[in-house]
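Numbering-wise (the working numbering), the sequence shown opens with residue 1442 and increments by one.
Think of the CB as a built atom: it goes at the ideal place given N, C-alpha and C, for glycine as much as any other residue.
All values derive from a computational prediction rather than experimental measurement.
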Amino acid sequence: MTPPTTLFHALLRPSILQILRATGYHGARSAVLDILTDLAARYLWELCHMTAVYASHNGLDPETGAPTIVDVRMALQHVGALLPERPELEQEYNGMEDTRGVEEFVRWFESRESAEIRRVALDGVEEGATNYLDALKQKHGRADDDSKYMGTLLGKSIEYGDVQVEGGEVPSIQEWAERRRAATEKEVAPAMNGESGYVDGEPGSRPSSSGLSSLGDRTIDNDMSDFA
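Shown next, in the form of structure tokens:
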């Protein structure tokens, strides 16, 4: 089986070829192409890594559980994609945020260079045509279904069903955990309310006792006299 690093490198290589072609390079040595692909992969890995770091510090989106646009922007600033930018202290002193880097980053996607890269990437591709991954699967696949690609990068992920617990009245682990949680809350509630005795016909928690209650009629002076 192809190692993941080699597979990802091969998938990224066509994008680097298209970028080189869009910038005017129509030929390159294989070693040069591999180096550029490796640099791009390392850059993307660092960007994703820093996005995850900032997301863990700032907290994930409560609705989607994913990093927010703020985390992505901070990661882009960390890898130097949003330059130039004034120091943070200078921005606070002037009372104005420096957004030149963000504006330049957005402007690049509307530039001629970005349009040329998109044109080269879609050159000769008809609308509605099969992408190269589906064409590769059809070329090497002997069956009509995608069962051989299940659980791989080219196929769908494997969906595991619920684990059934046999030999008991609880059908699943999830329901067993919910019952245990409900029983624990039921036992803890009387203790927190200061109740004692029996709960639902069963012995409840022990009554809270203090060390002072065991003194009875004795006083602290009598206890201290024992040590005299």
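In the three-state scheme derived from DSSP, where H, G and I count as helix and E and B as strand, residue 1613 is classed as strand.
Comparing alpha-carbon positions, the option among 1457, 1447, 1516 and 1451 lying closest to residue 1561 turns out to be 1457.
In the three-state reduction of the DSSP assignment, residue 1542 falls in the helix class. Residue 1580 carries a helical assignment under DSSP once its states are collapsed to helix, strand and coil.
If you draw a straight line from the Cα of residue 1446 to the Cα of residue 1490, it is about 16 Å long.
In this structure, the beta-carbon distance from residue 1492 to residue 1453 does not fall below 7 Å.
Take the alpha-carbon of residue 1628 and the one of residue 1531: they are about 58 Å apart.
A distance below 6 Å between beta-carbons, with the five flanking residues on each side excluded, links residue 1557 to the following residues of its chain, in chain order: 1463. Within 10 angstroms of the beta-carbon of residue 1537 lie fewer than 16 other beta-carbons, which makes it exposed. Bounds of any alpha helix (DSSP H) do not take in residue 1504, whose DSSP letter is neither H nor E. Pairwise C-beta distances place the segment 1515-1527 in contact with the segment 1539-1558, as three or more of them are shorter than 8 Å. Counting the other CB atoms within 10 Å of its CB gives residue 1575 a total below 16, which places it among the exposed residues.
Between the alpha carbons of residue 1506 and residue 1486 lies a gap of roughly 20 Å.
By the Cβ-count criterion, residue 1516 is buried, with 16 or more other Cβ atoms from all chains shown falling within 10 Å of its own Cβ. Around the C-beta of residue 1495, 16 or more other C-beta atoms lie within 10 Å, and the residue is accordingly described as buried.
Residue 1508 counts as buried, since no fewer than 16 other beta carbons sit within 10 angstroms of its beta carbon. Cβ contact annotation for residue 1598 (same chain, cutoff 7 Å, sequence separation greater than five): 1592, in chain order. Under the rule that a run must span 4 or more residues, the alpha helix (DSSP H) segments found entirely inside the segment 1445-1507 read 1445-1463 and 1471-1499.
In this structure, residue 1520 lies near residue 1488, with their beta-carbon atoms less than 7 Å apart.
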